[in-house]
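Remarks on the structure that follows.
Structure follows, in structure tokens:
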């Protein structure tokens, strides 16, 4: 029996991201491993790619092309869909963009997958196996999709979330290029609803892989790949305190803290001394944290009332005392933020010991509360140039979407440059200190 050939495209803009660390697409990896586990009577052959799209389609000759979508690269995703359709492939699109704006499913796509993709994509492949097609008259029975019937968009009933994430096989990393630095997901979703984040709406609720599953995945990575650093790429790794302690215990009992270093995401109002201690014991060397603002009103606008500037200061101090590096991100330019409020953030960065910091201009992504606000003001639309969401502020500020009602584009650009001059000076001084420390260590001082 000829296999069903499925080519998954991780829509990746090299021109935009060539200087950034490239991570494999675990989302597509989970779909592939789920297909492999449940294929049963039908034979499948899968590949995951992110470049040389046309040549890969020509050589592999897939029956189905699955394309991941994020908003800032949606123009590129549509061009991939167009190319695949011209080559005679069935095209399935999924991901955060299509899930947030399903009515924007391009005509080149046969089906859009809404929300989690594992079970839905399997149902579509099964349908293709039975019909060697994706017939419109039976697509309506597949939960969690959108498709066209005689030019009219049809959205089916939502698919329930996967209750037990441990039922998912580990992602198909054999199809990915795994380097010394990689990541794992230990949960899906976030209990908070920051104004700029779509996670809460996309996942609806928080679910966790068990500590045993997570540590087994780490063991597999250490055994099979040249991994030296693993980042827990959750929205919030410390959301479940008891699970953090359990993961720590398992990592230490298996000696994994001696083999790899770890990084994780935190939220400052949840960070306690015992959690910091557990993170240190399990080998966490750095944490990422959306500190967002040094101004109380701005922080409340961005993240809600559960976190404070004092929480942020305390968290940075606790981590520094434990020898854990803090990587902080900040956001300026919300609608009512003043120049003085931005200076509070500027001074926070100057006065607190951060290993690394980045400052972004608030950008409205589909599926977020701030997108709804921007759409009401006419600042974004379904017909917009999606590349305006790329957040390459330093090189192309003119394309940035400005939400501020207090500052002009020129004023906001000036403030952003002020932040980056300060950050570049901090990084320069930090590099000098690191080199000096190496020299002194070599001299035995």
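Numbering (the working numbering), first residue to last: 3 to 447.
All C-beta atoms, glycine included, are put in the ideal place defined by N, C-alpha and C.
Computed from a predicted model, the values in this text were never measured in an experiment.
Where does the unbroken beta strand (DSSP E) through residue i begin, and where does it stop?
i: residue 361; result: 358-363
i: residue 149; result: 147-151
i: residue 69; result: 66-71
i: residue 39; result: Where residue 39 is concerned, there is no enclosing beta strand (DSSP E), although the alpha helix (DSSP H) it sits in stretches over 28-40.
i: residue 58; result: Run containing residue 58: none in the beta strand (DSSP E); it sits in the alpha helix (DSSP H), 55-62.
i: residue 9; result: 6-11
i: residue 159; result: Note, residue 159: premise wrong, no beta strand (DSSP E); not H, not E.
i: residue 98; result: Unbroken run through residue 98 is the alpha helix (DSSP H), 98-102; no beta strand (DSSP E).
i: residue 47; result: 46-51
May I ask you to list the residues that DSSP assigns as paired with residue i?
i: residue 183; result: 231
i: residue 196; result: None; residue 196 has no bridge partner.
i: residue 385; result: Answer is none; residue 385 lacks a bridge partner.
i: residue 189; result: 210
i: residue 92; result: 66
Using CA coordinates, which residue listed in the options is at the minimum distance from residue i?
i: residue 47; options: 55, 56, 37; result: 37
i: residue 133; options: 291, 44, 351; result: 44
i: residue 251; options: 267, 282, 156; result: 282
i: residue 42; options: 56, 6, 69; result: 6
i: residue 204; options: 382, 163, 184; result: 163
i: residue 366; options: 51, 131, 63, 199; result: 199
i: residue 144; options: 303, 224, 160, 152; result: 160
i: residue 206; options: 312, 158, 98; result: 98
i: residue 427; options: 351, 138, 441; result: 351
i: residue 361; options: 372, 180, 420; result: 420
i: residue 181; options: 288, 411, 226, 286; result: 226
i: residue 296; options: 285, 312, 88, 130; result: 312
i: residue 179; options: 318, 432, 27; result: 27
i: residue 218; options: 170, 94, 395; result: 170
i: residue 30; options: 177, 87, 84, 82; result: 177
i: residue 414; options: 172, 335, 215; result: 335
i: residue 156; options: 106, 417, 195; result: 106
How far does the alpha helix (DSSP H) with residue i in it extend, from its first residue to its last?
i: residue 203; result: 201-205
i: residue 327; result: Here residue 327 belongs to no alpha helix (DSSP H); instead the beta strand (DSSP E) covers 327-334.
i: residue 291; result: Residue 291 -> not in any alpha helix (DSSP H); beta strand (DSSP E) instead, spanning 286-294.
i: residue 347; result: 341-353
i: residue 471; result: No information on residue 471 is available, as it lies outside the stretch 3 to 447 that the chain covers here.
i: residue 113; result: From DSSP, residue 113 is part of no alpha helix (DSSP H) but of the beta strand (DSSP E) over 113-115.
i: residue 242; result: Per DSSP, residue 242 belongs to no alpha helix (DSSP H) and is neither H nor E.
i: residue 82; result: 76-88
i: residue 122; result: 120-133
i: residue 139; result: 138-141
At the 9 Å Cβ level, is residue i part of the contact set with chain D, yes or no?
i: residue 387; result: This model lacks chain D altogether, as it is built from one protein chain only.
Below 8 Å, is the gap between the Cβ of residue i and the nearest heavy atom of the ligand ADP?
i: residue 396; result: Among the ligands in the structure shown, none appear at all, so the ligand ADP cannot be discussed.
(message) Using 8 Å as the cut-off, can you tell me whether the segment 256-269 makes contact with the segment 215-231, which would need three or more C-beta pairs spanning the two stretches below that distance?
(response) yes
(request) Report yes or no: do three or more beta-carbon pairs, one from the segment 386-403 and one from the segment 320-333, lie closer than 8 Å? (result) no
(request) Write down every uninterrupted run of the beta strand (DSSP E) in the segment 244-324 whose length is 3 residues or greater and which is fully enclosed by it, in chain order. (result) 263-268, 286-294
(message) Taking contact to mean 3 or more Cβ pairs, one atom from each stretch, closer than 8 Å, check whether the segment 234-247 and the segment 269-279 are in contact.
(response) yes
(request) Report yes or no: do three or more beta-carbon pairs, one from the segment 185-192 and one from the segment 136-154, lie closer than 8 Å? (result) no
(message) Contact between the segment 369-383 and the segment 306-313 is defined here as three or more beta-carbon pairs at a separation below 8 Å; is this criterion met?
(response) no
(request) Please determine if the segment 112-121 and the segment 147-157 are in contact, where contact requires at least 3 C-beta pairs separated by less than 8 Å. (result) yes
(message) Quick check: the segment 407-425 against the segment 335-344, are at least 3 beta-carbon pairs closer than 8 Å?
(response) yes
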